[in-house]
Each structure stands twice: as C-alpha cells, then as structure tokens.
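Note sheet for the following structure.
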Amino acid sequence: MKELKHLNKYFLKYKTYLIIGSITTVVARIFLLFTPRYVKKIIATVEQYRDNTITQTVFKAQLTEAILYIIGAAIIGGILTFFMRQTIINVSRYIEFDLKNEIYEQYQKLSLNFYKQNRTGDLMNRITEDVGRVRMYAGPALMYSINTIALFVVALIYMFKEAPKLTLYTILPLPILSVIIYKLSKEIHKRSTIVQEYLSKLSTFTQESFSGISVIKAYGIEPQTANNFETLAIESKDKQVSLARVQAWFFPMMILLIGASNLLVIYIGGMQYINGEIESIGTIAEFIIYVNMLTWPVATVGWVTSIVQQAEASQKRINEFLKLEPEIKNTVTENTKITGNIAFNNVSFTYDDTNINALKGISFSIKEGETLAILGKTGSGKSTILDLIGRLYDIDNGSITINNQEIKNLNLNNLRDSIGYVPQDAFLFSDSIKNNIKFGKENATEEEVIEAAKNAQVHKNIIKFNNGYNTILGERGITLSGGQKQRVSIARAIIKAPKILLFDDCLSAVDTETEEKILKNLNKLSKGKTSIIVSHRVSSAKNAHKIIVLDDGKIIQEGTHETLINTDGYYKDLYLKQISETSSK
C-alpha cells in the first residue's frame, strides 16, 4: 500500500466529500438493516396470531406497520445509497482528473533524454490505463470498503445483541476467508504488474505501427507486422488469462463460505430454538437475511483486494516517473529580459543516451540583430547548438551566455518564450492549419496568420485547399508535403516575433526559388532580431553576418561568405559543388 500513499494528498483535498459520503453510507446501512429486524417481527406476529395470543385486527395492524417500515427503510436506504455513490464516485473522478494533470505536467518538465529513453506507447499507457486502475481504487474500492465496514459493524451489533452465540458461529468462516484473500492478493499483485507491462508493450507497438504505416506499406511488410502484433497480443492474452485464473477463485470461495454460514445459522439456530435458547423462529430467519445481506460485501472483499493490488501495481509505475527529477530546472523565479547577444565559450557537450561527444570546445559569439549560419556534415553538431541555446540540454563544460548572463541564470520560461524555433523535422499537430500557425501566438488575428503564411511562402498553397486555413491536418501534418510542412513551421515561428530565431535546416524540402523568397522575407523580418540558420546549402548561409563550419563537433572554419569562398576548405568546396549542380540543371 506504500505506493498508494501518493494519493493521500488528494484524499485530503476532497475530505469533505469523503466524510459526507462515509456518514451517508453508515446511515444508509442502518436503514437497510431494518428489513431483517421487521421480518423477525412479522414472523413473531404470525406465531402470536397462530397461538391466538393476538386478535386478527392487531395482527393486521402489526403486519401492515412492519411492511410499511420495511418499504420506507428500503426507500430511504436506496436514496442515501444514491447520494453515497454520487459523493465517493465523483471524488474518484476528481482524483483521476488531478492525477492525469499531475502526470502530464511532469511529462512536460522532463528533459529530452527522458523521451529518448521511454516509448510513447508506454507513456500513454501510464496516463490512461494505469490512472484508470488507480481511479477504481479511489472510487469503487473505497466506496465498497466503507460500505462493507459500515454494514459489518452495524449488522454485528444487532446480531450480537440478538443472539451472541449464534453470531459467533455465523462469522466463523471469515478468518478462513481472510487467510485465502491474503495469499491470493500477493499473487494478484505480481501478475497485475506483468499484465500492465504487456499492455504498455502493446500500446507502444500499435502506436509505432500507426505512426509508421506509410513505411510499413512501402516495404510491403504488413504480414510480418501483423504476425509480430499477434505474437505480442498472444503473450499479453496469456498473462491476462493467468491473472484471471487467480481472480476466478474469489467468487466461488465467497459463495462456499457464505453457504457454510447459512448452514451454520440454520443448524445452530435450529438447535438453539429447540433448546429454548432463542425465543422465536424469526431469529433464524433474521440471521439468514443478515448473512445474505453480508454476502455481497464479503464477496466484494476479494474484488476490492484485487482492485487495490492492481492499483498499487499501476501507481508504482506512475510513481517511477513522478519521482524523476527534471534534468533541466528553472532556478530563477523573477522575470529576466532576453536580448539576442549570444556567446559560446569553450562549450563541450556529450549525449547521455549515446555517449556521443557532439561538441568539443566550441566558441563563437553573435550580437543582437545579427545572423549566424552554421554548416557542416551530418552529425557534426549543428542541431546540438540550437538545442543548447533553447536549454533543452545542459552543457558539460564551458559556458553559454545570453545578455552576458549564464544561461542557467535566466528564467527558463522567459528564455524559451523569446525563441522562435523551426526544427529539422517539422512537426505539425492534428489540427487546422490556422491553429498550427497560431501555436506560436495563440491570440494572433487572422490577418497576422495570413501575413505569416505569406512570408513563409505557403499562403498560395493553403488557399488551394477546399477549407483553406481551416483544413484539418492528419497526424504529424501528413496532409501536407514535406516542403509545405516546413513552411507552415516557419510561419509558426515568425508569427511569434521572438527575439531569437532558430532555423534548423528548415528549407531542405523547398526548391531554390522558393528558398530565395523565404530568405528574403526572413531578412526583412529578422531586423533587430538574432537569427541562427543551420543548413547544408550555401544559398541559405551567404547573406549571414557570420558563418561557422563544423566538423566532428569542432569549428573548422569561421568568417563571412566572401572570406570563406576565397579560402580553401569545406565551405569553398561546398560552394563550388552546389554552383556546379545549379548550372547543370
């Protein structure tokens, strides 16, 4: 139960509802227990009428009174039970809502390394399936536990008051039940954990298959993928069946033990009636009703125990992520002003997940309003520089300063809010094109959206769609071509009008003519702003104030376009190669 202690703060938050629900439960049980008492009274009245100790008029009056009490108590108990469910079950929904938000907020705080090490399907499973199982503990399990305890306490008080010896024999099977539940619960907990792990594997596999369906179809590997899924599904089914086999013992055991209790009531109660230890045969009928009223609560003990075990297994998986400390922490609470003066001083960085030393003693500076272009081979460290400016990672050695302040001493929210970032792999959401552009500025007007699209040279493409800017994109923007996705991503960045613009090879999928138009617009929009352009094309870099060339995490060339094309090296070779390719077309 220690893993479920995490929920205590939510129980305290909604304690008023829980207290009201608990009190309502106790009162409802008291009213429902009127039935066995008045059944006994009815039988006693029948016995009295049989023995001619009361008149027919008195018999009818007492019988009517008892029936009305039973009906009235049942109605009031039913109404109170309804309010009990409304309070306690509603609390479970509130806790589910809060827990999902807590998990999502934690996901937002965790660094990119976390997402490299964990699969999307598993993350989704923890925030859906696992939270769903925890909700069952916070709602139905809690409600039935309160209900069972209240019913047992109230019923046993009545039963002991009526016939102590008979009560002891009636509850005799319960210790046996407790031992069985304890042993089964341990096995359920172990198997529930395995089941949840396989659900995560299934979620991950299906999510990756759906996301990569175009690749699967292109390679014609649908049968192989289906076979892999079937294998995983069969393994998951086997684990589910294994868990179900253990859970299946609960209800038969409940029925057996309740049946044993009924036999004990009839036998012991009958012997006591014969020996004159109990006055009326109605006491036996009363106790049989008590036993059968306790049947469902006793049966729910097993069900509740199963829920608690599964919830603990799920909460343990949730806690694994909730306990993780974000690698990137915002240690500054006050707002910090961000300008575009950026300097790297002997910066080195190694990726934890791959141990690749991406940057080795990098040093450069760029002033506010200037444009820096970064070129180099694949894997030379270009994108890493942009990630470090956005503080998606923290460096190993050296320092990065913005506004002449260490990047760690800047308010992280202010820093990222001041950056417009266009990633190499343009990611668009399954929403309208307009909302994808407005993602950079939520309160943007329609005119601003259109202007941003025009500057990104994508407006003419958008208006050709049937629904124009209201066109809903498929997952990851699959509706658009590669070049269109890049340009919408550019529009999303520039509509924000940030202090710093970061472009990570975001023009690779557009033709040179369109590239030239976009660059012209960007030069106009970036006045007064700091821009960093990562590219494989000299055409994207030639108008920059400063160009650096990377190789294996080191700067091998630095200067302006004019300087570098007149200097032997990577840049000049690339320039001549691309000039040759352009002229030959």
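Residue 608 is where the sequence shown starts when you use this note's numbering, and the numbers rise one by one after that. The beta carbon of each residue, even a glycine, is placed where N, CA and C say it ideally should be.
- The three-state reading of DSSP puts Tyr1028 in strand, counting E and B together.
- Residue Leu870 holds the alpha-carbon nearest to the alpha-carbon of Ile896 among Leu870, Glu884 and Leu993.
- DSSP places Glu884 outside both helix and strand once states are collapsed to three, so it counts as coil.
- A direct Cα-Cα distance of roughly 29 Å separates Lys1061 from Tyr1182.
- Counting the other CB atoms within 10 Å of its CB gives Tyr874 a total below 16, which places it among the exposed residues.
- As a beta-bridge residue in DSSP terms, Asn1004 pairs with Ser955.
- Pairwise C-beta distances place the segment 878–892 out of contact with the segment 691–700, as fewer than three of them are shorter than 8 Å.
- Under the DSSP assignment, Ala833 falls in the alpha helix (DSSP H) whose first and last residues are Glu829 to Gln854.
- Judged by DSSP secondary structure, Ile1107 falls within the beta strand (DSSP E) whose first and last residues are Ile1107 to Asp1111.
- Leaving aside the five residues that flank Ser1025 on each side, the residues in its chain whose CB is nearer than 8 Å to its CB run, in chain order, Ile945, Pro1105, Lys1106 and Ile1107.
- According to the DSSP secondary-structure assignment, Ala950 is paired through a beta bridge with Ser972 and Thr1008.
- When the beta-carbon positions are compared, Asp729 and Ser810 come within less than 8 Å of each other.
- Straight across, the Cα-Cα distance linking Asn1074 with Gly1089 is about 20 Å.
- In the three-state reduction of the DSSP assignment, Leu706 falls in the helix class.
- In the structure shown, Val786 adopts helical secondary structure according to DSSP, grouped into three states.
- Counting only the Cα atoms, Ile992 lies some 27 Å from Gln1064.
- Per DSSP, reduced to three states, the secondary structure at Ser1138 is strand.
- Between Tyr751 and Arg644, the C-beta gap is not smaller than 8 Å, which leaves the two residues out of contact.
- Thr755: member of the alpha helix (DSSP H) spanning Leu749 to Glu769, first to last residue.
- At a Cβ-Cβ threshold of 8 Å, Leu806 and Glu736 count as neighbours.
- Glu1165: member of the beta strand (DSSP E) spanning Lys1161 to Gly1166, first to last residue.
- Here Gln724 is exposed. Its C-beta has fewer than 16 other C-beta atoms within 10 Å.
- Taking a C-beta distance under 8 Å as the contact criterion, Gly1166 and Lys1103 do not qualify as a contact pair.
- Collapsing the DSSP output to three states places Gly889 in a helix.
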